[in-house]
Amino acid sequence: MKNTCNPPVPACVAVKETLPVVPQYLHAHYWWAYIHPRAVHFFERQWLVNLILWGNYKRLCNAVLHDYGNHLPGRTLQVACAYGDLTPRLAACVAPGGSLEIVDILPIQLENLAGKLGQDAPIKLHCMDSAALSFANASYDRALLFFLLHEQPQAVRERTLAEALRVVRPGGTLTIVDYAPPSRFNPLRYFWKPVLDRLEPFARDLFSEEVAAWLPKDGSFVQLSKQRFFGGMYQMLTLKVVATGKDQQVSG
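According to full-length UniProt numbering, the residues represented by the sequence shown are 1 to 252, in order.
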């Protein structure tokens with residue numbers, strides 16, 4: 001694993017001379033889950049992550065890997081760290097000559113992730129804001145957003161989606177796994193949503209609207225597939241990036 005970071009964050013690749021400012025909404029609403037050192041120690045437990053997702057963590061990870069064909073040639077970008085074994089499993093699928101890169105705005109999350117990865121893993125870690133990626137256009141073959149959007153205010157969510165699509169090359173894919181509007185017959189619709197409203201106030205958006213509501217309207221992608229899980233409460237949406245007229249003009 002490649003680590004070339006400015007001290008005192010030895011476990012990440014620094015893409016700027018100074019680390020990005022952590023947004024206020026993360027301090028206000030997610031200090032207990034991602035920022036406090038005890039939180040990282042507490043939540044980095046496979047069984048607990050699975051419990052939070054009502055036993056669906058492995059199922060959703062399997063769906064992502066199956067959609068990728070358990071094979072990741074070229075450059076893959078995971079936007080934001082995730083508790084559990086998703087990233088080590090992705091790393092195991094990287095093809096010879098390929099790479100898996102992960103961005104997160106929190107150094108403590110990158111340090112935690114580094115501890116789960118082998119030193120020789122084809123991995124690069126970047127301390128970066130998902131809503132302002134410092135990568136060139138069309139520089140990745142695929143990108144993954146795994147349970148990130150429901151943690152972001154709408155404006156940040158929209159910028160994150162736009163940025164993820166921007167850095168994926170035409171023909172590449174963006175995979176989104178997150179909450180979804182559950183079936184009215186799913187009892188957790190009436191129980192779990194109030195819990196999330198208290199703990200994760202931005203998650204209510206995912207329970208009431210489709211991801212399409214926050215995607216760019218520039219014709220830069222087409223929907224390849226959409227799957228629902230667990231009575232519709234979770235979703236996996238796969239988008240294919242297409243060349244826009246502007247892209248074609250530039251490439252010509």
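Cβ atoms here follow ideal geometry from the backbone N, Cα and C, with glycine treated the same way.
Check: Would you say the stretch 166 to 179 touches the stretch 102 to 115, given that touching needs at least three Cβ pairs under 8 Å?
Finding: no
Next item on the list: Pull up the distance between the alpha-carbon of C81 and that of R204, whole angstroms please.
Entry: 22 Å
Check: What are the start and end residues of the alpha helix (DSSP H) that includes P88?
Finding: 86 to 92
Next item on the list: Take L144 and list the residues in its own chain whose beta-carbon comes closer than 6 Å to its own, dropping the five residues that flank it on each side.
Entry: Q78, T175
Item checked: Segment limits, alpha helix (DSSP H) that includes T160 -> 154 to 166
Notebook entry, point to check: Taking the beta strand (DSSP E) that D141 falls in, what are its first and last residues?
Noted result: 140 to 146
Next item on the list: Please report the residue range of the beta strand (DSSP E) in which Q235 lies.
Entry: 234 to 241
Notebook entry, point to check: What residue ranges within the stretch 29 to 116 form continuous alpha helix (DSSP H) runs of no fewer than 4 residues, ordered along the chain?
Noted result: 37 to 43, 46 to 52, 57 to 67, 86 to 92, 107 to 114
Next item on the list: Ignore the nearest five residues each way along the sequence and tell me which others in D197's own chain have a CB closer than 6 Å to its CB.
Entry: R204
Note to self: Could you tell me which whole alpha helix (DSSP H) segments of length 4 or greater appear in the stretch 168 to 228?
What the structure shows: 188 to 199, 204 to 208
Next item on the list: Could you have a look at L125 and say whether DSSP puts it in helix, strand or coil?
Entry: strand
Check: Excluding the five sequence neighbours on either side, which residues of its own chain have a C-beta within less than 6 Å of the C-beta of P73, listed in chain order?
Finding: A95, G98
Notebook entry, point to check: Does DSSP put Q24 in a helix, a strand or coil?
Noted result: helix
Checklist line | C-alpha distance - M128 paired with P20, whole-angstrom precision | finding: 6 Å
Note to self: Assuming contact is defined by CB atoms lying nearer than 8 Å, are H150 and E200 in contact in what I supplied?
What the structure shows: yes
Checklist line | Beta-carbon proximity list for M233, same chain, < 7 Å, skipping 5 on both sides | finding: Y179, A180, P182, N186, L188
Check: In whole angstroms, what is the alpha-carbon distance linking P37 and L60?
Finding: 27 Å
Next item on the list: Give me the Cα-Cα distance between A131 and T160, rounded to the nearest whole angstrom.
Entry: 4 Å
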